[in-house]
Each structure stands twice: as C-alpha cells, then as structure tokens.
Amino acid sequence: FKPVFLGTAHPRSELAQHRRVVNSQKCVRAGGKHNDLEDVGRDTYHHTFFEMLGNWSFGDYFKEEACSMAWELLTEVYEIPRDRLYVTYFGGDSSLGLSADEECRDVWLRLGVPASHVLPFPLKDNFWEMGDTGPCGPCTEIHYDHVGGGRNAAALVNQGSPDVVEIWNLVFMQYSREVEGNLLPLPQHHVDTGMGLERLVTVLQNKRSNYDTDLFTPILDAIHKGCGGPRYQGLVGDADVGRVNMAYRVVADHVRTLCVCITDGIYPGLSGAELVLRRILRRAVRFCSEVLHAPSGLLASLVPTVVEVLGDAYPELTKNADQIMDIINENEAAFLSSLERGRRIIERTVQQMEPSTNFPAEVAWSIYGNLGFPLDLIDLMLEEKGISLDSAGFNKLALEDAKRKAGGLQAGQLKDINTCLDVHSLAQLRSNNVPATDDSPKYAYTLGQHGQYEFSPCQATILMLYRDQSLQKEVGAGQCCGVILDRTNFYAEQGGQASDQGYMIRSGQQDILFPVESVRLCGGYVVHEVTALETLRAGDQVQLFVDEAQRLACMTNHTATHLLNFALRHVLGDNTEQRGSHVTAEQLRFDFDTKGPVTVEQLQQVEQVVQDMIKRNEVVYMAEVPLTLARRIQGLRAVDEEYPDPVRIVSVGVPVESMLTCDSEAAMQTSVELCCGT
C-alpha cells in the first residue's frame, strides 16, 4: 500500500479505489530495519515468521475511529479484561520539532482507559517508520499484562518483560521521511495497524508464552519425540541451563519460517532474502545438532507437523511438503560438515587467546565467509564461552567486502599483492620440471538424487609458493601468497567468469582453515591466493573445499548468459554476436553487437524466450569434443578467444552427441556453446 500512502498509485487503478482494508499477511522479520532474528529463542514472544492481522484506512477514518474499533474488538468481542491492557502514545521529539500526540492520548481517555494505563514514550518506541525514507508517523501500542490480578504493571511496558507484551500497533501515517532526513506532512492521513496472530492467540488461550499455544505445542512435541532428552519447560535466561529450552524455541520458530518461505519460492541461497533464509536454516541446524543432540534429519522431519498446524490456512504448504523436506535435508547435510570444523576452529582459537581479549575478527570472518556461519551464530558460540567478538574489526572486514563487491573486484584485488606469475617465475617452474596444474577436478561434481549438485573435496600437494614476485618453498604465518598445487577443484578466473572461493586445510590438521580468496590461471599453473594462518611449505598435503553456494551462483548466472545469447539470436537474427560477458555470484553482464537499435518489444521477446526455457527445466548437457569436430556443429556459438583442444561443449535440452552428425540441425533450436566455465 506504499503507493497509496505516497499518492503515487494511478487514480484509475484498483489499488487507488480502496478506502478501508482488512487483511492477514505472512511476515518474516530476520533482516534489515525490522529484524527479530537475534531475539528469537531468547524470549517467548519474538518470531522470524508470524501472521500479521491488519486494518488500513486510506484517507478515511483516523485516530478516533482506529482506537475505538481496536478497543471494541479487544474488550467487547474478545472479552479481554480492560485492567490488563495498557496503551502508549508518542511523547514528542524536540529535535524533530514534533510535539506529543495529545490527540491520541485524549482519544484513549475518552474511551475510558485509566490515565495510569495511558503512557507516553519517545521516538524509538512510538514513532513508526517503514524504512530510512518513506511514509511514517506516530503510533499507539496496546500492551497486555499476562499476570493481571489487579496489579499496576505500567512500569513494565516497553521494558522487555515477557509478562507485559505489545499485541497491537496502530500507526498514524502523517509524514514522509525524505532522503535528507526531514519530515514532510503527507497530503492525506492514513492508518496502518498490525496485530501479531501468535501473541493474540496467547492471550485468547490464556497462556503466558506464544510457545504454549496450539500454534507451537505440536511442533515442540515433535522435536522432543525426534531427539529425546528433556521436554520443553518454557525456561528462559539463567534458568534455562544448557539453553535447551532456547533451542526448542529456535527450532520450532525457524522450521515454520523455512516451510513458509520455501513454499513461496524463496530458497536458502547466497544473497538477499535467500541468504537470510540460509542463515535461519543454519541457525536451526546448529541448535539441533549441538544443543539438542538430535540426529541429522530432525529439522525436515518436523515439516509434516508444521503442515498439520498451518495447512488449513495455507494449503500450498500441503502441496509442497516433500520439496520443503528435500531442500532442508540437502542444506542441513551441507552445513553439518562445516559445523564441526567451525566449532574446532573456535575452540582452538579461544585456547590460544590471551585473557580478557576479544575473539579475533579475521578468524570470525573466515568462519563467516568460508563455512557460511551466520554472525549471530558465531556470537552465540562465543557467548557460551564467555567471550566477545572484535565487532569493530569484523565490521571493517565486512565494509571492505562490500566495497569489493560494489566495485566488481575479486577478493585479492583489494590487497597490495600480485599472485599472477611473471615470465621469469614461469620459466623457472618449467626449467625445474614442475608440472602444470591438473584442474580437471573442477568439473568433478555430480547431480544428487534430489536434483542438487554435490561437490567433493580434492586432495592435492603444494608444489610451490609465490610471494613478492618470487617462487618460495615456505611462507610464514599471516602472509598472503599464491599457492601452486599439482591438482585442484577450484575454477580459475577466465572467460569472463569470476574464480571460485573457498578454503584449504592441511591433511591431519582439521582445525585451521586457509582461506582461498581468488584463483588465477597463469601459463598452465593454477595459482590460489591464500592467507597463511600458519606456515605453509612446498610438499604439504592439503584438502580443497570450494564455496558451494558461490560456485552454484556462478553456474546459474553462467547458464543464464547462454540462454540470453540464444534468445538474442532467436529474436534479433543470426547477425547478433557476443562480444563478451562477466559472470559473478551476484550478477551477470552480457555484451553483444547487432544491426540497428533494439526495441522494447524485442527486449520483451528476448525475456520471454529465456523465461520459457527456464520453465521447461531442461537438462544441461556437457561433453568434451575435439575442437575441429566441434566447429562443424551448425549454429554453435563461440566467443572470439582461444579454446583448448579438446573443447567443452554445453548444450541446453539436447545431448551434445546428437549434434555431431553433419546434417544435424539440433543446435539451431537451442543454446549450444563452446564453454570453459562452470
């Protein structure tokens, strides 16, 4: 409804015709301005997923009617005792030139709410903003005292007490926050209210905790059945020894979120909402494994119970239950292999730390980036050991990473180091008969039974190290260097595709990660840019782990460039030629030449062709073919660059072998390209 608030909705649109609306919507708060993730599990009333009940007024009723209707519903329809309800209003802010919302206060007093139950609060509590800019305004909240008994609980309102909890927020949209930070009055006044279903159910079922209602108890029972151990007791804080009850709440909450998001087409991934969901899943897996000591697969086994609880309201959950379980199991298996390694790294680092020092940011960043640990998960693991993270250092590393991504740079390009072998080093390697790197394992991935790609680690030997433009047999701890291996499963940057990232570990030393930040191909040698956390030596045996999420994102975007290339030729004609592309985990760029300008209609046709091919979900075929034979394929697309012999061919929907006969026109009907990427 934001266009209505800002007056940007077209006056003839259906949206602009609404004056009063009521709705229920699925909400996830786990990132951005309204982020409840770190609170979930610690208390009994925050959730990542919840159902929001709302009523809206667009230039129609305002404060008097909104407050009156809310009070009537709660006290007369739901028959909630009036003496258990407290209301708050905006107490003003002199820095913004805003006075207290006395109009709202007076409405509540006229409705019969005692003055002792009508409380002013400052900007942070009673002024609601959608984001850094946009519609905003003062709000009034209705809080419920779970204890009651005639006591005065005014001092507990907005104090984080589990006994006095906000159940309804009525926002009066009066202003628009501009980019400069100033507030401008909206031409019309609007109302946006939100009441969490879970908190309302807690009140109506006369419970003290959301997790004691029938929205959660079946899930908590299923968790107990799946892992054994003590039952859920509703304990919080210091009373919750071992954080078992917190784990119950985290898992119950997070599995609901996973079910709803996956059903709506959001899957655990590398960026945006997908990355947030990935963190939620991994947080749940960690609590299952390390706190509840549950067997693998517990999280997915809870899906049928979630469907039973929510399926009537959201029938789409029932249809997608099997898919949800498969996706959860796949992601859990991937994370469990990293979880134990991360735990050992943290324990080893803590043992080596000086007393009263913070956990080093570099180690935390390595765990965060290379093992996919959410930051709040790292904080929790450190908190359990009574230590804190060097947050300032971590934030600095995060800022550097954001700048790198914004500039389209590889990780190593922010550092003053050149890991590309110069001509003298290449000559020295060859004169010493150091063999070129076998990088064929980069294609040694398989498709699992549920359709997910599986990447195996690669065993390798360090042949030589490269630093300060010279080959070296040994590099000390803390230094960044190039590592040349006899074989690798890492993809080196070439052909417009960004290199893999990941890490290596030394054989027999599982608790130290050597982050691989970028990979380059220099004269047949694959050079891995590595930060040596301990001394590295030629002859060391190592195991290589590719960042699977980053590789998959690059694979997806690379396939998208192939589809786009075919679609452009299909729509614009055979005179369309690719001139380059750039593929990273976050984005893709495709450069091409064609005769004449491209119209909007043609772009829409290109988009439709690509979408149709994606919807058909066709198999992507790959095969190595002698270069001379490959060039005979009709319609084969190849960029003007040097290709190896034999060359790799990638085809969508049609097996490569069927295209190799002289009279085959199969390649004219789909995307077929020479490709050295992944």
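Once you know that position 413 of the sequence shown is 397 in my numbering, the rest is easy, because the numbers rise by one and skip nothing. Just so you know, even glycine gets a beta-carbon here, dropped at the ideal spot from N, CA and C. Quick caveat: nothing in here was measured; it's all calculated off a predicted structure.
1) Could you check if Y427 is buried or exposed, using at least 16 other CB atoms within 10 Å of its CB as the buried criterion?
2) Ordered along the chain, which non-local residues of its own chain (more than five positions away) have a Cβ less than 8 Å from that of L(-1)?
3) Assuming V609 and Q481 make a contact with CB atoms under 8 Å, what is their CB distance in whole Å?
4) Among G165, S565, V555, which has the Cα closest to the Cα of T117?
5) Could you tell me the alpha carbon to alpha carbon distance between V260 and G96, rounded to whole angstroms?
6) At the level of alpha carbons, what is the spacing between Q394 and T662?
7) Output needed for N313: all residues of its chain with C-beta closer than 7 Å, excluding positions within five of it in sequence on either side, in chain order.
8) Just the C-alpha distance for G396 and A317, rounded to the nearest angstrom, thanks.
9) Below 7 Å between beta carbons: does that hold for G348 and I362?
10) Using the Cα positions of L398 and Q335, report the straight-line distance between them to the nearest angstrom.
11) For a test of the three-state rule: what should DSSP assign to A206, helix, strand or coil?
12) Kindly indicate which three-state DSSP category F(-15) falls into: helix, strand or coil?
13) Distance check for R327 and A99, CA to CA, integer angstroms please.
14) Apart from the five residues on each side of it in sequence, which residues of its chain come closer than 6 Å, Cβ to Cβ, to E602?
15) Could you please give me the residues that DSSP links to C464 through a beta bridge?
16) CA-CA distance, D129 and R66?
17) Could you name the residues of the same chain whose beta carbon sits closer than 8 Å to that of F46, not counting the 5 residues immediately before and after it, in chain order?
18) Considering only residues of the segment 501 to 578, which uninterrupted beta strand (DSSP E) runs meet the minimum length of 3 residues and lie entirely inside it, listed in chain order?
19) Quick one: Cα of D400 to Cα of R451, how far?
20) Taking three-plus beta-carbon pairs below 8 Å as touching, is the segment 319 to 326 in contact with the segment 260 to 277?
21) According to DSSP, M448 sits in a beta bridge with which residue or residues?
22) Taking just the CA atoms, how far does G370 sit from V459?
23) Can you give the Cα-Cα distance for L21 and A569, rounded to whole angstroms?
24) Going residue by residue through the segment 85 to 128, where are the continuous alpha helix (DSSP H) segments of at least 4 residues, counting only ones entirely within it?
25) On the DSSP bridge assignment, give the partners of S41 in chain order.
26) V239: which of E125, G256, P214, L294 sits nearest, CA to CA?
27) Provide the residue span of the alpha helix (DSSP H) that contains V719, from first to last.
28) Let me check one thing: in DSSP terms, what residues is E258 bridge-paired to?
29) When DSSP labels each residue in this structure, what does K399 get in the three-state scheme?
30) Can you tell which of S642, L547, G486 has its C-alpha closest to the C-alpha of V530?
31) Considering Cα atoms alone, identify which of Q571, E585, H277, C120 is closest to A231.
32) Could you tell me which of L405, Q436, V640 sits nearest to L455, measuring between CA atoms?
33) First and last residue of the beta strand (DSSP E) that includes V636?
34) Taking the Cβ atom as the reference point for each residue, do E35 and L181 lie within a distance shorter than 7 Å?
35) Check each candidate in Q534, R632, S491 and name the one with the smallest Cα separation from L254.
Looking at the coordinates:
1) exposed
2) F(-15), P(-13), V(-12), A(-7)
3) About 20 Å separates the two Cβ atoms, so there is no contact after all.
4) G165
5) 44 Å
6) Note that Q394 has pLDDT 48, beneath the 50 cutoff, so the model's placement of it is unreliable and no number is given.
7) G281, A284
8) Only weak support is given to the placement of G396: the predicted model assigns it a pLDDT of 44, under 50, and the value that follows is read from those uncertain coordinates. Cα to Cα, the separation comes out at about 30 Å.
9) For clarity, residue 348 is Ala in the given sequence; the question names Gly instead. Yes, they are a contact pair.
10) For L398, the predicted model reports a pLDDT of 38, less than 50, meaning its position is unreliable; a value from the coordinates is still stated below. Their Cα atoms are separated by approximately 31 Å.
11) helix
12) coil
13) 53 Å
14) V636, G637
15) T515
16) 10 Å
17) F156, H173, V175
18) 509 to 515, 525 to 530, 561 to 567, 572 to 577
19) Note on D400: pLDDT 40, under 50, position unreliable in the model; the coordinate value appears next. Rounded to whole angstroms, D400 to R451 spans 11 Å at the Cα level.
20) yes
21) I468
22) 34 Å
23) 25 Å
24) 86 to 94, 107 to 110
25) R4, V175
26) L294
27) The question about residue 719 has no answer, for the chain in this structure spans -15 to 662.
28) Beta-bridge pairing links E258 to no other residue.
29) Only weak support exists for where K399 lies, its pLDDT of 46 falling under 50; the value from the coordinates is given anyway. Coil at K399, not helix or strand.
30) G486
31) H277
32) L405
33) 631 to 636
34) yes
35) Q534
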